[in-house]
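The structure appears below as structure tokens.
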Amino acid sequence: MLVTLKQSCTGLLTATLLIYSSVYAQSSKAVTQTPWPAVVKENKPWTRWWWMGSAVDKSNISRLLKNYAAAGIGGVEIVPIYGAKGYESQYLNYLSPQWFAMVDYSVTEAAKNNMGTDIAVGTGWPIGGPQAGIADAATCLLIQKYTLKAGESLTKPVKMDNPKQTNLPGVTLQALMAYDDNGNTLDVTTRLNADGTLNWKPETGNWELYAAFAGKTLQQVKRAAPGGEGYTLDHFSKTALHNYLKKTDSAYGNTSHGIRSFYNDSYEVYGANWTADFFTEFRKRRGYDLKPYLRELTGPSVTDKVARIKCDYRETMADLMLENFTHTFSNWAHGKKSLSLNQAHGSPGNLLDLYAGVDIAEAETFGSSNFRIPGLRRDSADVRNVDPDPNMLKFASSAAHVMGHPLISSETFTWLTEHFKTSWSQCKPEVEQVFLSGINHVFFHGTTYSPSSAPWPGWLFYASVNFVPSNSLWPHVNGLNDYITRCQSVLQAGKPDNDISIYWPVFDAWQNPKGLDMPLKVHDIDEWLHPTPFYALVTGLQKRGYSLDFISDRMLQQAQGKNNRLSVTDSGSIYKVLLVPRATYMPTTTFEQLLRLASEGVTVVFEQLPEDVPGLHNTDEQRAVLKQLKTKLQFTTLTSGIQEYKTGKGRILLHKNVEEALSSAQVYREKIADSGLQFIRRADNNGKYYYIVNHTSSAIDQYLPFENIQGSHVLIMDPQTGKYGRVLTNNNGSAVRVQIKSGEAIIIRTSKKAFTGMGVWSYVNAQEKPVILNNEWQLRFTEGGPVLPAAKTMASPVQWSSFSDTTTQNFSGTAAYSTSFTLPKGKLADDYILAPGKINESAKVWVNGKYAGQLWSIPYELRIGKWLQPGKNTIRLEVANLMANRIRYMDRNGITWRNYHEINFVNINYKNFDASGWQVQPSGMEGPVQLIPVSVQH
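Each residue of the sequence shown is one higher than the last, beginning at 45 in this note's numbering.
Below you can see the structure in the form of structure tokens.
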């Protein structure tokens with residue numbers, strides 16, 4: 045039985061729209077001559093704000109929030125964690141009045157800086173703590189086995205024999221099942237006496253007894269803060285969550301304390317495969333008793349029958365996770381007039397439904413991707429052997445798109461590289477990949493609260509990246525943050541514009557005889573996602589230029605066909621076609637919904653009809669129903685070989701070549717994908733936005749066709765600089781000249797209305813012989829440590845890390861390279877591109893005393909012609925490097941800087957951190973520095 049999303053999501057959507065109405069009202073009221081949407085705090089990146097030991101105070105809160113706001117951060121997400129050693133007297137217990145006073149103060153101070161505040165429910169992760177007593181703690185199924193022969197009595201009482209579980213509240217015997225050699229099964233639970241002795245002996249045969257206990261995982265909250273220590277919560281028990289939140293409410297009262305969203309971290313609960321009333325819930329939902337199948341459920345057999353039993357078990361786990369945890373948690377947040385924010389990945393449930401059950405679905409990136417961008421540093425020793433998959437992120441964005449939730453977040457940059465070795469240039473393509481997956485509200489991972497009294501580098505969280513003011517690159521973080529803000533202002537505008545809704549066959553994953561519960565983890569996608577026909581079809585269509593979202597069985601129950609389009613909610617996305625990939629197993633209820641939607645006018649495309657039904661209950665009857673439903677589809681063959689069945693207002697198409705079927709349904713790809721460019725589309729009442737990135741190894745400069753621009757006015761917007769300009773189309777109005785270097789992004793804006801008050805876009809048409817800035821260069825160190833090296837003079841700029849003295853090799857901070865040069869008198873070139881030989885890692889540029897921009901990402905080029913003049917010119921590049929060299933110096937000299945409780949501080953491989961053996965990281969600027977005259981075309 046599938047539980048509908050509709051009732052829970054009605055209140056959820058109402059709360060979402062009420063809270064966001066003010067945000068979008070600001071945007072719609074703005075009157076401006078710029079095409080960029082008016083910036084609100086949700087457009088900016090937010091950051092996870094770790095409170096170590098909750099040892100926070102007002103003066104440091106004020107100082108830090110002001111600093112964060114100035115750096116372009118739009119909000120913080122408070123997560124209390126373990127503390128720094130030596131500061132125990134300053135710790136504030138979680139939920140204490142003193143702790144709440146600091147939360148209230150943070151919310152007030154954040155608002156003063158036009159920032160928002162979210163907060164974790166609990167400390168560390170996963171959810172739990174002293175509010176969860178052992179009776180409400182994460183629960184597991186424990187099996188004890190006994191053997192009996194005919195005429196024998198069981199001499200040992202049936203009691204929990206694990207000393208760690210004995211006498212724990214909530215640990216109970218739930219069933220005692222007996223199995224003989226001939227396949228007979230007997231429930232002897234009622235034959236047990238109060239002392240555990242069994243009042244039964246078999247008359248014939250050899251018997252094996254399975255005693256099923258509801259046990260406790262005994263897992264503690266990871267990285268817990270003072271006052272937050274305790275057991276992790278039973279996510280499948282509504283009673284457990286109610287009890288937990290009741291104790292939380294006793295501290296919070298009837299107010300949210302100004303919190304925008306209450307946040308629940310990823311499901312990292314290990315071995316929690318049961319809950320106390322599971323047998324009852326299973327019978328109610330699946331229609332049969334699970335007890336007789338305990339041996340199949342927990343044994344090593346890998347038969348079809350076992351797979352069916354485990355499929356039903358996993359579907360029940362998914363139901364309980366959604367209803368008893370996700371919906372309950374979200375409703376609790378709404379009761380405080382706040383939003384719910386949840387990470388569903390890793391849960392043993394249908395990820396689409398879990399993400400759909402909250403206001404803000406949050407995905408996660410972990411590790412770094414291997415992009416083909418020339419010059420992008422990726423040292424194998426400094427990255428984890430994990431490639432983030434953007435289609436894992438699409439489970440969150442798809443759910444939000446389908447349900448009409450405007451914001452989709454991501455925990456971003458977790459372990460992007462080793463500590464202290466992450467440049468903003470490395471962050472850029474990673475966050476671009478996040479945007480391409482549909483995420484539009486990124487959270488940095490992250491920022492550690494650190495008091496001004498803590499010596500450099502201050503307090504730091506054990507997992508990178510360190511978005512903190514002590515980071516030597518912090519003075520340059522605005523480059524990254526401004527870029528993210530511009531992108532998100534567009535990606536939060538209008539609505540998603542994906543053509544295809546593709547069904548995710550979760551039962552193909554669930555109907556697996558191996559294992560028991562099935563947490564759908566980010567780190568296990570090679571098992572449950574990558575080998576599937578669904579994944580092959582999704583990635584193949586994306587590479588061809590199709591835009592799509594995923595849809596679940598529950599969503600299909602709520603979906604409807606209107607005007608030959610598919611939608612699930614009134615505020616959600618509208619799709620041109622519903623695509624069903626090859627699926628071995630499909631419930632008859634889902635197949636019936638597909639037929640209903642087709643009759644309502646939706647075009648449903650099957651790559652292949654489902655072969656079988658999942659689950660054990662009434663299998664033969666359900667197979668007969670599925671066969672009958674399929675038999676009713678009297679297909680006719682079209683000239684292209686596509687099988688077509690017309691029904692009601694719509695039709696069903698069946699063809700192994702999905703692209704041909706989509707073309708028959710008038711769903712066309714974006715041919716810009718042939719160039720290797722990647723994109724995502726948004727649409728509003730005026731037109732469309734194309735966010736486009738170049739992660740290929742080559743620059744692209746050509747007219748590219750766009751499917752949706754004929755008859756439109758077109759504007760190019762540069763999210764790196766904020767520049768924009770009108771452009772003309774070619775090829776009967778369907779193509780735009782796209783000039784984009786590897787590592788860059790652009791936005792194509794189309795509009796039914798003409799763009800007024802805006803200039804034209806300038807393309808670089810030709811480059812002339814570069815001018816080498818080879819006059820004498822000065823190098824002066826301005827900020828950083830451990831000490832400021834002496835100034836230097838050089839004929840051509842070289843990286844300061846190349847000098848032999850240890851003072852410069854140990855330095856992390858900012859240094860200014862400056863020189864002068866002469867341009868011929870008379871007319872200058874149309875523009876000039878500044879192109880240094882190499883920048884490690886970011887540079888702010890001043891030309892003739894005026895700020896000209898920042899070089900923080902590949903291709904490290906800047907157009908500076910407007911600041912140049914005939915005759916003498918001056919240029920200064922303030923270069924910031926990584927923290928790594930200073931950390932190396934400290935570890936080589938035994939200077940203590942990491943001293944925390946719990947996990948303390950580890951490297952990217954979760955070993956004790958030690959930078960003393962590191963090589964000196966390249967730092968500074970390297971020549972030749974070129975000034976390239978160019979002619980431009982408008």
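C-beta: ideal position from N, C-alpha, C; glycine also.
Spatially closest choice to residue i from the options, by CA coordinates
| i | options | result |
| --- | --- | --- |
| VAL509 | ILE947, LYS955, PRO79, ARG92 | ARG92 |
| PRO519 | LYS871, GLN898, TRP94 | GLN898 |
| GLY343 | VAL486, VAL232, GLN188, ASP239 | GLN188 |
| LYS200 | SER412, ASN237, THR167, THR183 | ASN237 |
| THR261 | GLN218, ASN308, ASN206 | ASN206 |
| LYS796 | MET838, TYR733, ALA810, TRP805 | TYR733 |
| ASN818 | GLN853, VAL758, GLY881, LEU759 | GLY881 |
| VAL860 | ASP433, ALA879, ARG416, ALA834 | According to the sequence displayed, residue 860 carries Ala and not Val. Considering only alpha carbons, the answer is ALA834. |
| VAL831 | THR852, ASN211, GLU922 | THR852 |
| THR276 | TYR314, ILE546, LYS813, ALA145 | TYR314 |
| TYR135 | GLY870, GLN672, PRO495, ASP239 | PRO495 |
| GLY195 | ASN243, ASP148, ARG725, ARG330 | ASN243 |
| THR691 | GLY645, LEU673, GLY659 | GLY645 |
Own chain, CB closer than 7 Å to residue i, minus 5 neighbours either side, in chain order
| i | result |
| --- | --- |
| ASN775 | TYR747, PRO749 |
| ARG713 | ARG588, GLY589, TYR590 |
| ALA727 | GLY538, LYS539, ASP541 |
| GLY419 | ILE902 |
| ARG422 | SER412, ASN414 |
| ASN763 | A small correction: the amino acid at residue 763 is Pro; Asn does not occupy that position in the sequence shown. TYR527, ARG530, CYS531, ALA789, ILE791. |
| GLU751 | TYR712, GLU714 |
Spatial neighbours of residue i in its chain, beta-carbon cut-off 8 Å, leaving aside the 5 residues before and after
| i | result |
| --- | --- |
| GLY829 | TRP500, PHE855, SER856, GLY857, ARG930 |
| GLY777 | ILE753, GLN754, GLY755, SER756 |
| SER327 | Note on identity: in this sequence residue 327 is Arg, with Ser being the wrong assignment. Only ASP333, LEU334 meet the Cβ criterion. |
| GLY616 | HIS445, VAL446, MET447, GLY448 |
| ARG695 | ALA642, THR647, VAL648, GLU688, TYR689 |
| ARG952 | For the record, residue 952 in the displayed sequence is Ile; it is not Arg. Result list for ILE952: ASP426, VAL427, ARG428, TRP459, THR461, GLU462, HIS463, SER508, in chain order. |
| LEU670 | MET630, THR632, PHE635, PRO654, ASP656, VAL657 |
| THR58 | Bear in mind that the predicted position of THR58 carries a pLDDT of just 44, short of 50, making it unreliable; the figure below should be weighed with that in mind. None. |
| THR529 | VAL83, ASN87, LYS88, PRO89, GLY116, GLY118 |
| THR216 | PHE257, ALA258, ALA320 |
| PHE410 | ARG428, VAL430, PRO432, THR458, TRP459, VAL566, HIS567 |
Buried or exposed (CB count within 10 angstroms, at least 16 for buried), residue i
| i | result |
| --- | --- |
| VAL702 | buried |
| ALA924 | buried |
| LYS894 | exposed |
| THR299 | exposed |
| GLN963 | exposed |
| HIS982 | exposed |
| LYS606 | exposed |
| GLY990 | This structure does not reach residue 990, given that the chain is present from 45 up to 982, and the question cannot be answered. |
| GLN913 | exposed |
| LEU772 | exposed |
| VAL346 | exposed |
| GLY961 | exposed |
| GLU665 | exposed |
| ASN729 | exposed |
Spatial neighbours of residue i in its chain, beta-carbon cut-off 6 Å, leaving aside the 5 residues before and after
| i | result |
| --- | --- |
| PRO654 | ALA627, MET630 |
| PRO966 | GLN843, SER845, ASN884 |
| PRO392 | MET361, ASP561, MET562, PRO563 |
key: Uninterrupted alpha helix (DSSP H) stretches inside the segment 335–400 (no shorter than 4 residues)   = Counting only runs of 4 or more residues that sit fully inside the segment 335–400, the alpha helix (DSSP H) segments are 338–342, 348–364, 372–379, 395–400, in chain order.
ask   = Counting Cβ pairs closer than 8 Å, one from the segment 523–543 and one from the segment 79–88, do we hit at least three?
value = yes
query = Between the segment 311–320 and the segment 279–287, do three or more beta carbon pairs fall short of 8 Å?
reply = Enough Cβ pairs lie closer than 8 Å, so yes.
message = Count Cβ pairs between the segment 336–356 and the segment 550–560 that sit closer than 8 Å; are there 3 or more?
response = yes
query = Using 8 Å as the Cβ pair cut-off and three pairs as the minimum, do the segment 160–178 and the segment 119–132 touch?
reply = Touching, yes.
task = Could you tell me which uninterrupted alpha helix (DSSP H) segments, each at least 4 residues in length, are contained entirely in the segment 444–506, listed from first to last along the chain?
result = 468–480
message = Check whether the segment 112–121 and the segment 239–247 are in contact - that is, three or more C-beta pairs closer than 8 Å.
response = no
key: Cβ pair count under 8 Å reaching 3, the segment 806–818 against the segment 968–981   = yes
inquiry  = Quick check on the DSSP output: what are the complete alpha helix (DSSP H) runs of length 4 or more inside the segment 602–651, in order along the chain?
reply    = 632–643
In chain order, each alpha helix (DSSP H) run of at least 4 residues that lies wholly inside the segment 654–712 = 663–675, 702–708
query = Three or more C-beta pairs closer than 8 Å, one from the segment 202–222 and one from the segment 251–270: is that the case here?
reply = yes
Ranges of the alpha helix (DSSP H) found wholly within the segment 816–866, counting only runs of at least 4 = 850–853
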